[in-house]
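J.: Residue numbers (full-length UniProt numbering): 1 to 192. Heads up, the beta-carbon is just placed ideally off N, CA and C, and yes, glycines get one too. Note that the structure is predicted; figures quoted are calculated from it, not measured.
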């Protein structure tokens, strides 16, 4: 009887390869600006947040390293379903056939890994934390939380520190963010 399997890709290794092709520094800002332009955003703000964030109220204590200083890139365009799909696939771009699009290769966002291990993306009713090293959950590199407070056991009530880290752009009373905020917690000096 034949057996079947799938190719596997080590996400952290693939990101490391991409980073060798993309320089550190201003490339991060250029890629974020391209994403804002492609999404039709008219406003882009970069915020240096040096405030320490609470360490309690996290999904996992492994994410405490994300509660220090960060850059928050905010724009006024909400992520579409295609954007959410694209951001979770390296080397895949929903923009390849879009002549109006600036970015087309599905690699540019990886430049953020020059400064962070865990980018956080808040848009609409969703907060996505990328964890390519699978430190939080060995079987998953993505952690998704909802901004909607529709019960006592909701993500914003259970894990408030993930949301309060966006206080510079997201009012804790709002049900959704009318735009997109990408939070890049700086990698601690003593990490890999």
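1) Could you give the C-beta distance for residue 144 and residue 154, rounded to a whole number, given that I count them as a contact under 8 angstroms?
2) Go ahead and pull the three-state DSSP assignment for residue 181.
3) Going by DSSP in three states, residue 141 sits in which element: helix, strand or coil?
4) How many whole angstroms separate the CB atoms of residue 165 and residue 67, which I take to be in contact at a CB cut-off of 8 angstroms?
5) Rounded to a whole number of angstroms, what is the C-alpha to C-alpha distance between residue 28 and residue 129?
6) Got a sec? Which residues, its chain only, sit under 7 angstroms from residue 159 by beta carbon, not counting five neighbours each side?
7) Would residue 77 and residue 111 qualify as a contact pair, given that the criterion is a beta-carbon distance under 8 angstroms?
8) Are the stretch 68-87 and the stretch 169-185 in contact at 8 angstroms, needing three or more beta carbon pairs?
9) Let me make sure I understand the geometry here. Which of 124, 189, 131, 135 has the alpha-carbon closest to that of residue 171?
T.: Based on what the coordinates show:
1) 13 angstroms between Cβ atoms; not a contact.
2) strand
3) DSSP, reduced to helix, strand and coil, places residue 141 outside both helices and strands of the structure shown, so it counts as coil.
4) 7 angstroms
5) 18 angstroms
6) 57, 58, 59, 145
7) no
8) yes
9) Residue 124 is the option with its Cα nearest to residue 171.
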